[in-house]
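S.K.: Below you will find the structure I want to go over with you.
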Amino acid sequence: MRFDLGILRPYVGFLAEGALLTAEVCVLALIGSVILGMLVAIARTSSVRWAQWLAFAYVDLFRNIPFLVQLFFFYYGLPEIGLYIDAFTTGVIALSIAGGAYASDVIRAGILAIDNGILEAAEVSGLPRRVTFTKIVLPIALRTSVRPLGSVLINMILTSSILSTITLNELTGNAKIVASETFRPFEVYVVLLVGYAVLTYIVSIAISALHRRLNRDLVEQVS
Amino acid sequence: MRYTNFTPFDLVLLAQGLGVSIGLFLVTTLIGTLIGIALGVVRFYRVPVLMQVVTFITELLKNSPVLVQLFLVFFGFPNFFHINVTPVTAAVITLSANTAAFVYVIAVSAIESIGRDQVEAARVFGLTRWQVLRHVIAPQALAFSIGPLTALMVNQLQVTSLISVIGVMDLAKIGANLNLRTLQPFIVWTAVGILYYLAAKFVALLGGRLEKRLRAYSSFRGL
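Written out as structure tokens, the structure reads:
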């Protein structure tokens, strides 16, 4: 059979719609996972023993269970306890929770990498611990972890394809529909594969640029 | 009429699913690691055109969702090449290729982690390029790469859950079936999650042991 991409021309708009939904899900889930990751990183670096343990258990659990299983747990489980939410919300929640585990590790590393001198300087200046944390530790930690957070985002874009299994028609879901309408799955999925690769490549370039821009005053350390 | 209660036989089903998951994981890991190392060697010898092709394909495989790769092999290949692809074949091909792409990156960085001076010294002693690879680089590269490899294995074990989408009767698929029959998502998915978790922990444990043994000669013995 001939490899003919012309068949896909009428479906470009439809696929773009899917890509837009993927982008929406990923942006929302990124925000969710950074917030969650921040909270968990705080718990893991705190001196409270049970908070440390709880945070560790969360990260350990969600990093070692397949996302598909987590997703089904939420998608089929939440209605059981009376929470009726649509596939989109479920997807965003599941991605946020799974991504939060990875983001928390990144942010935690950022917090632990902070020079003790900075913390001592803050203490000597008489800043309360909360202010030290929110105004000094967190900004530095978030800034230095832009690039690793970017790889969390890229992973999230790839993982979001799994949301097509809970009837959410994002990029992969729409591509499945196109494949079954045109009977040309090979072309459709080749295009989809290259499309995802290009998309994540662009994102990684953008993240690198952002990282360099935000950390321009400590280039020699992070670069 | 359907039988909605849990039966003792469900445990057998779960064990069966776990067996399929782990079996496929082992097979694809073995094939993927061998291919990945072979590709790393291609890069070590700087084979002209082949090297660029390998880099391009591995980048493509690393930066696209495994689900899309699975669909391409399972739906696309039979349609385009007119061959018969069973779900298990598709799973083995996809997961092996995916693992190979990641192992390639680890192999390349492990080979590059060995200082140039060692290679040059060995060459001066008259060792051929193959002997250098076999006796100087390989032992050290193996010890270097066992950590990243373990992390990759834990990840690939979770990726195997995706093959349930194309109908392989693995642990996730058994979970889906049990869920449909009993309508008790919380119990079913928790059980499935625990099994995956334990399997992942076991892989991590084995990797840690192996790493300790391989690094025994280079670890700090104390003064």
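These protein sequence lines map, in sequence, to chains A and B.
Numbering follows the working numbering, with no gaps: position 50 of the first sequence is 50.
Offset between the second sequence (1-based) and the working numbering: plus 1000.
Virtual Cβ for every residue (Gly too), placed ideally from N, Cα, C.
Any idea what DSSP makes of Asn1155/B, helix, strand or coil?
M.R.: For the purposes of this step, residue 1155/B is taken as the residue at position 155 of the second sequence. Asn1155/B falls in the helix class under three-state DSSP.
S.K.: Use the C-beta contact count for Ser33/A: other C-beta atoms within 10 angstroms, 16 or more gives buried, fewer gives exposed.
M.R.: For this step, residue 33/A is matched to residue 33 along the first sequence. Classification of Ser33/A: buried, given that the 10 Å Cβ count is 16 or more.
S.K.: Determine the chain B residues that contact Phe72/A at a beta-carbon separation under 9 Å, and present them in chain order.
M.R.: On the first sequence, position 72 is the one that residue 72/A refers to. What Phe72/A touches in chain B: Ala1172, Gly1175, Ala1176, Asn1179, Pro1185, Val1188, Trp1189, Val1192.
S.K.: Run through the stretch 100 to 161 of chain A for me and flag every whole alpha helix (DSSP H) of 4 or more residues, listed as ranges in chain order.
M.R.: Counting only runs of 4 or more, we get 116 to 124, 138 to 144, 146 to 159.
S.K.: Which residues of chain B have a Cβ atom closer than 9 Å to the Cβ of Val69/A, listed in chain order?
M.R.: Here the question's residue 69/A lines up with position 69 in the first sequence. Simply Gln1158, Ser1161, Leu1171, Ala1172, Gly1175, Trp1189, Val1192, Gly1193, Tyr1196.
S.K.: So is Pro1065/B in contact with chain A if we call contact Cβ pairs under 8 Å?
M.R.: Taking the second sequence and counting its residues from 1, the one referred to as residue 1065/B is at position 65. Closer than 8 Å to some Cβ of chain A, the Cβ of Pro1065/B qualifies, so yes.
S.K.: What's the call for Ser223/A, buried or exposed, on a 16-neighbour Cβ count within 10 Å?
M.R.: Residue mapping note: residue 223/A aligns to position 223 of the first sequence, counting from 1. The predicted position of Ser223/A is uncertain, since its pLDDT is 46 and thus under 50; no value can be drawn from it.
S.K.: Determine the chain A residues that contact Gly1147/B at a beta-carbon separation under 8 Å, and present them in chain order.
M.R.: Residue numbering aside, residue 1147/B sits at position 147 when the second sequence is read from its first letter. The contacting residues do not exist; Gly1147/B stays about 15 Å from chain A at best.
S.K.: Can you pull the chain A residues whose beta carbon is under 9 Å from the beta carbon of Pro1069/B, in chain order?
M.R.: Along the second sequence, read from residue 1 onward, the residue named residue 1069/B stands at position 69. Inspection of the sequence shows that residue 1069/B is occupied by Gln rather than by Pro. Correct list: Tyr189, Leu193.
S.K.: Quick check on Met1051/B: does DSSP put it in helix, strand or coil?
M.R.: Taking the first residue of the second sequence as position 1, residue 1051/B is located at position 51. The answer is helix: DSSP assigns Met1051/B an H, G or I state.
S.K.: Report yes or no: is there a C-beta of chain B within less than 8 Å of the C-beta of Ile65/A?
M.R.: In the first sequence, residue 65/A corresponds to position 65, counting from 1. So, interface residue.
S.K.: In whole angstroms, what separates the C-alpha of Ala16/A from that of Ile177/A?
M.R.: As a working note, residue 16/A is residue 16 in the first sequence. As a working note, residue 177/A is residue 177 in the first sequence. Each residue's Cα considered, the two are about 13 Å apart.
S.K.: Count the other CB atoms, across all protein chains shown, that sit within 10 Å of the CB of Ser145/A; report buried if there are 16 or more and exposed otherwise.
M.R.: Reading the first sequence from its first residue, position 145 is the one you call residue 145/A. Ser145/A is buried by the Cβ-count criterion.
S.K.: What does Ser61/A touch in chain B if you count any residue whose Cβ is under 9 Å from its own?
M.R.: The residue given as residue 61/A occupies position 61 in the first sequence. One point to set straight first is that residue 61/A is Leu, not Ser, in the sequence displayed. Going along chain B in sequence order, the residues near Leu61/A (Cβ under 9 Å) are Gly1193, Tyr1197.
S.K.: If we count the other Cβ atoms within 10 Å of its Cβ and call it buried at 16 or more, is Lys1173/B buried or exposed?
M.R.: As a first step, residue 1173/B must be located in the second sequence, where it is residue number 173. Lys1173/B is buried by the Cβ-count criterion.
S.K.: Could you confirm whether any beta carbon from chain B is found closer than 8 Å to the beta carbon of Leu125/A?
M.R.: Numbered from its first residue, the first sequence carries residue 125/A at position 125. Checking the sequence shown, residue 125/A turns out to be Ser, not Leu. Taking Cβ atoms only, chain B never reaches closer than 8 Å to Ser125/A, which makes this a no.
S.K.: The alpha helix (DSSP H) spanning Gln70/A covers which residue range?
M.R.: On the first sequence, position 70 is the one that residue 70/A refers to. Start and end: 67 to 77.
S.K.: Quick one: Cα of Tyr109/A to Cα of Val137/A, how far?
M.R.: Along the first sequence, read from residue 1 onward, the residue named residue 109/A stands at position 109. Along the first sequence, read from residue 1 onward, the residue named residue 137/A stands at position 137. Looking at the sequence shown, residue 109/A is not Tyr but Ala. Looking at the two C-alpha atoms, the distance is approximately 12 Å.
S.K.: In chain A, what lies closer than 7 Å to Val1092/B by C-beta?
M.R.: Here the question's residue 1092/B lines up with position 92 in the second sequence. Going along chain A, no residue has its Cβ under 7 Å from Val1092/B, so there is no contact; the nearest lies around 18 Å.
S.K.: Since Val1078/B is in the alpha helix (DSSP H), which residue starts that stretch and which ends it?
M.R.: Within the second sequence, residue 1078/B is the residue found at index 78, counting from 1. In the sequence as presented, Val is not what sits at residue 1078/B; that position holds Pro. Element bounds for Pro1078/B: 1077 to 1081.
S.K.: Looking at chain B, which residues of the stretch 201 to 212 of chain A have a Cβ within less than 9 Å of any of its Cβ atoms?
M.R.: Hits within the stretch, in order: Tyr201, Ser204.
S.K.: Cβ atoms of Leu1162/B and Ile162/A: under 8 Å apart, would you say?
M.R.: Locating residue 162/A in the first sequence gives position 162, counting from the first residue. Locating residue 1162/B in the second sequence gives position 162, counting from the first residue. Yes, the pair counts as a contact, with Cβ atoms nearer than the cut-off.
S.K.: Can you give the Cα-Cα distance for Ser104/A and Val69/A, rounded to whole angstroms?
M.R.: Residue mapping note: residue 104/A aligns to position 104 of the first sequence, counting from 1. Residue mapping note: residue 69/A aligns to position 69 of the first sequence, counting from 1. Cα-Cα distance, rounded: 21 Å.
S.K.: Let me know the secondary structure DSSP gives Met1169/B once reduced to three states.
M.R.: The sequence position of residue 1169/B within the second sequence is 169, counting from 1. It is coil, neither helix nor strand.
S.K.: In terms of alpha-carbon separation, which member of Phe3/A, Asp4/A, Thr22/A lies closest to Gly195/A?
M.R.: Numbered from 1 along the first sequence, position 195 holds the residue referred to as residue 195/A. The option with the nearest alpha carbon to Gly195/A is Thr22/A.
S.K.: Identify the contact partners of Gly150/A in chain B, using a Cβ-Cβ distance below 8 Å as the criterion.
M.R.: Residue 150/A sits at position 150 when you count from the first residue of the first sequence. Those do not exist, as Gly150/A stays about 13 Å from chain B at its closest Cβ, beyond 8 Å.
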